[in-house]
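The next block holds one structure in the form of structure tokens; read it before the comments.
The following block contains the structure:
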């Protein structure tokens, strides 16, 4: 029987010059022992290829029919949630997204000739890499580059990860944790990426109220640090939200270009790379896979078509147009994945009779209104009155049994779910309890036309579908 060997290493150092962060999948004869297996080999050959690393790596072999299962086997110390088998414990070492800014800094400041292109694809979780790995562009990377699986941060949200990329700080430090959260300095629940009060899709309502972005967002950016080191950074984002209060604040130190279509963006990116004067970094953010997956669900044909559309654009527009003037490193990753949800089965805490009495536990603003909702339907953060956290947790846990877990934010913080250090800003915004629905479930708060769960795909929680993300790395010579 033909077998394919797949290897993984644990206890990786935080930064390694010879490769990016992440769980390592090893190919036969791979020069750095960190590429996804692509060659069939028998067990004897597999052992032979590992002799010089005995004790450092473990290996397993599986028939081709079990290839996908083997390829996605986690390393023994990959983040496993000890309290809930359905959840992943986020990583903040080299196996996590949070290590990428430091890795980029290492690349850009350690080599004066460095040219790096970093593509952040919103919602392109590991499940999608696994499903579409036979597409020509991904096959190209599997053959010629490196593929890693990383852990997203928690919450598994765009707000948390984009801010980590822009500042170099884990979510527990920068404090921009979710789509919605309570902002104590305003005594209101806000939507930070829109720079608006929560409950509206209108952008910049905080600005029209006289709130300054600098009062809510981190003051320093990684691009300003890179600029001081001589690195030129260019960011490409969709023109629908470029510029904005968020981007103007968090992209300081970078040159920003907006685009209308992904084809336009990829051509402009390839030309910028061709004209690059090192050290230089190019960041492209693409959000349409996430947007379509929200509306239709991660397994819907519309989402599948959007993913293929993007991969085809990389293969047939971006790759042929690249004419780098010097060696260029490419990295492609995601901020999170997507989990299935169903509006018809969403549980609204303020519409179910069995949750009657919940509001007595909730903190209120200066006008007596409960501070809801924080987070999202996949990670509902609650702000509980002092001295009532234990009672509120028990109240909710009994009624949500089989649908969600209810965790204390302090317990998650002590266990490192938000990173190694927490700022006072994060602690004030994160609340006291968080409801974590199981796969396929959603729990939310209902206010017509303000807070409703209308999505068939969502994220923010701790399931593997939300937390596992790919990191693709490859190089192109002059």
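Numbering (our numbering), first residue to last: 595 to 1072.
For each residue, glycine too, the CB sits at the ideal point set by N, CA and C.
Being a predicted model, the structure only gives us computed values, none of them experimental.
Evaluate the contact criterion for the segment 767-783 versus the segment 822-834: three or more CB pairs, one atom per stretch, below 8 Å.
These segments do not touch.
message = Just list the residues that DSSP pairs residue 964 with in beta bridges.
response = 958, per the DSSP bridge assignment.
Exercise for the section: Taking residue 852 as part of the alpha helix (DSSP H), name the residues at either end of that continuous run. Expected result: Not the alpha helix (DSSP H): residue 852 falls in the beta strand (DSSP E), residues 849-853.
Residue 730 lies in the alpha helix (DSSP H); which residues open and close that run?
730-738 is the span of the alpha helix (DSSP H), which, as asked, contains residue 730.
Q | Separation of residue 791 from residue 1061, as counted between CA atoms | A | Inter-residue distance for residue 1061 and residue 791 is about 27 Å (C-alpha atoms, whole angstroms).
Next item on the list: Please name the residue or residues paired with residue 782 in a DSSP beta bridge.
Entry: Its beta-bridge partners are 777.
* CB-CB under 6 Å to residue 1071, same chain, minus the five flanking residues each way: which ones, in chain order? -> Cβ neighbours of residue 1071 beyond the five flanking positions: 921.
Exercise. How many angstroms separate the CA atom of residue 1055 from the CA atom of residue 926?
Worked result: Between residue 1055 and residue 926, the C-alpha separation is close to 22 Å.
Just tell me which of 969, 893, 1038, 1013 has its CA closest to the CA of residue 685. Nearest option by C-alpha distance: 1013.
Looking only at its own chain, which residues have a Cβ that is under 8 Å from the Cβ of residue 766, when we skip the five neighbours before and after it? Once the five neighbours on either side are set aside, the close Cβ partners of residue 766 are 1007, 1012, 1013, 1014, 1015, 1016, 1017, 1020.
*Beta-carbon proximity of residue 769 to residue 930, cut-off 8 Å*: Not in contact: residue 769 and residue 930 (Cβ atoms no closer than 8 Å).
- prompt: Per DSSP, what kind of secondary structure is residue 1023 in: helix, strand or coil?
  reply: Helix.
Apart from the five residues just before and just after residue 717, which ones in its own chain have a Cβ nearer than 6 Å to its Cβ?
Sequence-distant Cβ neighbours of residue 717 in its own chain, meaning closer than 6 Å and more than five residues away, are 883, 884, 887, 932.
Q. Candidates 891, 953, 865, 937: which alpha carbon is nearest residue 917's?
A. Nearest C-alpha to residue 917: 865.
*asked:* Using C-beta distances below 8 Å, list every residue in its chain close to residue 638, excluding the 5 sequence neighbours before and after it, in chain order.
replied: Model confidence at residue 638 stands at a pLDDT of 32, short of 50, so the residue's coordinates are unreliable and nothing is read from them.
Worksheet item: Going by beta carbon distance, what residues of the same chain come within less than 7 Å of residue 1063, once the five residues before and after it are set aside?
Response: Contacts found: 691, 719, 720, 744, 746, 927, 928, 930, 931.
Report the residue from 938, 1044, 945, 822 whose alpha carbon sits nearest the alpha carbon of residue 795. Looking at the Cα atoms, 1044 is the closest of the given residues.
Give the straight-line distance between the Cα atoms of residue 780 and residue 701, rounded to the nearest whole angstrom. Between residue 780 and residue 701, the C-alpha separation is close to 40 Å.
- Task: For residue 765, name the three-state secondary structure that DSSP assigns.
- Result: Residue state, collapsed to three classes: helix.
query = Under 8 Å, do residue 965 and residue 977 count as touching if we go by C-beta distance?
reply = Contact: yes.
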